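Visitor:
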Amino acid sequence: MEQKVYSVSEINQVVKRLLDNQPDLKCVYVRGELSNYKMHPTGHYFSLKDADGVLSCVMYPRQSKLLRFRPENGMKVILRGRISLFPRSGAYQLYCETMTPEGAGELALAFAQLKARLYKEGLFDPEHKKPLPRFPERIALITAATGDAVHDMIRILRRRYPLSKVLVLSVRVQGPSAPESLVRAIRYANQWNVADLIITGRGGGSMEELWAFNDEQVARAIYDSEIPIISAVGHEPDETIADYVADIRASTPSHAAELAVPDQKDLQRWLRETQVRLEQVETARLAVLRHRLNVLAEKRVLRDQMAYVQDKRMELLHVQQRIGDLAAGLLVRKRQQLSVLGASLDAMSPLKVLGRGYAMAQGPSGNILRSWKDASAGEQVTVTLGDGGLRCTVEESYERKGRA
398 MEQKVYSVSE INQVVKRLLD NQPDLKCVYV RGELSNYKMH PTGHYFSLKD ADGVLSCVMY
458 PRQSKLLRFR PENGMKVILR GRISLFPRSG AYQLYCETMT PEGAGELALA FAQLKARLYK
518 EGLFDPEHKK PLPRFPERIA LITAATGDAV HDMIRILRRR YPLSKVLVLS VRVQGPSAPE
578 SLVRAIRYAN QWNVADLIIT GRGGGSMEEL WAFNDEQVAR AIYDSEIPII SAVGHEPDET
638 IADYVADIRA STPSHAAELA VPDQKDLQRW LRETQVRLEQ VETARLAVLR HRLNVLAEKR
698 VLRDQMAYVQ DKRMELLHVQ QRIGDLAAGL LVRKRQQLSV LGASLDAMSP LKVLGRGYAM
758 AQGPSGNILR SWKDASAGEQ VTVTLGDGGL RCTVEESYER KGRA
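Under my numbering, think of the first position of the sequence shown as 398, with each following residue one higher.
#1: Are the CB atoms of Leu-491 and Cys-454 nearer to each other than 8 Å?
#2: Hey, would you say Ala-507 sits closer than 8 Å to Ile-596, going by beta carbons?
#3: Would you kindly report the start and end of the unbroken beta strand (DSSP E) that includes Leu-782?
#4: Quick one: using the 10 Å Cβ neighbour count with 16 as the cut-off for buried, is Ala-801 buried or exposed?
#5: Rounded to the nearest angstrom, what separates Lys-435 and His-441 at their Cα positions?
#6: For the alpha helix (DSSP H) containing Val-584, name the first residue and the last one.
#7: I need the boundaries of the beta strand (DSSP E) containing Thr-497, first residue and last residue.
#8: According to DSSP, is Val-425 part of a helix, a strand, or is it coil?
#9: Output the distance between the C-alpha atoms of Ser-773 and Gly-760, rounded to the nearest integer angstrom.
#10: Throw me the rounded Cβ distance for the Trp-608 and Leu-504 pair, which I believe falls under 8 Å.
#11: What did DSSP end up calling Ala-801 once you bin it into helix, strand or coil?
#12: Any idea which residues DSSP pairs Met-456 with across the strands?
#13: Can you give me the Cβ contacts of Glu-676 inside the same chain, cut-off strictly under 7 Å, excluding the 5 residues immediately before and after it?
#14: Given this structure, state the Cα-to-Cα distance separating Ile-408 from Asp-449, to the nearest angstrom.
#15: Using C-beta distances below 8 Å, list every residue in its chain close to Pro-438, excluding the 5 sequence neighbours before and after it, in chain order.
#16: Buried or exposed: Tyr-558, going by 16 or more other Cβ atoms within 10 Å of its Cβ?
#17: Please report the distance separating the alpha-carbon of Ile-539 from that of Tyr-620.
#18: With a cut-off of 8 Å on the beta carbons, I'd call Leu-579 and Ala-537 a contact; round off their distance for me.
#19: Throw me the rounded Cβ distance for the Leu-656 and Ile-626 pair, which I believe falls under 8 Å.
#20: If you drop the 5 nearest sequence neighbours on each side, which residues of the same chain put their C-beta closer than 6 Å to that of Arg-697?
#21: Just verifying my parser: in three-state terms, what is the DSSP assignment at Gly-721?
#22: Is it true that the CB of Leu-445 sits closer than 8 Å to the CB of Leu-817?
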């Protein structure tokens, strides 16, 4: 009997059929730890391992896009899928249909992961929070138009501050299409500037029902909004990503309406109190002005119009007299100074010295002769005396010997 020889691909197809025809392998649940996780446009490729073995796994985009959380290496999970063989590589693997975190719920894990990631990106930073307008003229409610929450908010807004115009942008708040509906409404409100303030939210429910407000795209739309946003999702214990990104978080939709607008009763009371304070201030100001008027009315200048002119005339005469006195005193002092200086100059005058018997000799060029060396025999010199002068001819010049 001739032995049949198989090709590699034929063997792989045989093994694949054997695996595909095993009922126990068509839907299996496997527990393990994620390893070598890689995300690719054609699918997610990873290994599932435990202490004694490793199983290759693949999850195609149709299944992976349904994941609510981000798989990470080392994460304990439970996979559901089928065991088959990939003929090209000859390796068997688990074709994963669903992935569930072991221990923590899938939604709780997805919430924690997204919250941590957006926190690192700065979407929760207080510096980015915008202040709410004190007196909003237009308020946009982005919520389900048929829910109890929208009716409660409209009722409270009309009761507290009827001056605001309320616009309802109806959206889906639950289900797969809810995130996209919320994102479109928020972007529409910003693009057309339909309101001064946005309130987005819904009534209470389970985590699954509130999940649209934990969507990453919704969170980024709230963060990018130039219009301040109040998040009003569920009840007081409920917590969503939208609450962290929004400018203000309200515990309930009704609470959001109270935060959005002032109470007209409080405004009316404030206006009355302000009116009273203004009246008191004006009354006090009028009293001060009346007192000043009475004081001015008693002024002599107002009772006698020429009195002011007479007073100024007397002041002018007084000033004129003081200026005259000061000028006379100054003139006397200057004359005294002049006399003293004249006497000093007269005492220092050379003529005084000449008058006491001294003489001053000058050479032919008019230079003062201070030494016997300044003149020679036969030169003409001029001798100035106290009452006249002499023109002389030098017969001899000599040096004085001793003190005589």
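We put the CB at the ideal spot given by N, CA and C, even for glycine. Every value quoted in this text rests on a predicted model; they were computed, and no experiment measured them.
Guide: Taking the structure as given:
#1: Going by beta carbons, Leu-491 and Cys-454 fall inside the 8 Å limit.
#2: no
#3: It is not in any beta strand (DSSP E) - Leu-782 carries neither H nor E in the DSSP assignment.
#4: Only weak support is given to the placement of Ala-801: the predicted model assigns it a pLDDT of 34, under 50, and the value that follows is read from those uncertain coordinates. Its Cβ having fewer than 16 others within 10 Å, Ala-801 is exposed.
#5: 6 Å
#6: Note on identity: in this sequence residue 584 is Arg, with Val being the wrong assignment. Where Arg-584 is concerned, the enclosing alpha helix (DSSP H) stretches over 575-588.
#7: Counting along the chain, Thr-497 sits inside the beta strand (DSSP E) bounded by residues 488-498.
#8: strand
#9: Counting only the Cα atoms, Gly-760 lies some 10 Å from Ser-773.
#10: 7 Å
#11: Low local confidence applies: a pLDDT of 34 at Ala-801 is under 50, so the model's placement there is unreliable, and no value is given.
#12: His-441
#13: So the list is empty, once near-sequence residues are dropped.
#14: 27 Å
#15: Pro-458
#16: buried
#17: 15 Å
#18: Going by Cβ atoms, the distance from Leu-579 to Ala-537 rounds to 12 Å, so no, they are not a contact pair.
#19: In fact, because the Cβ distance is near 12 Å, the residues do not count as touching under 8 Å.
#20: Ala-704
#21: If DSSP states are grouped into helix, strand and coil, Gly-721 belongs with the helices.
#22: Because residue 817 is not part of the residues shown, which for the chain are 398 to 801, the question remains open.
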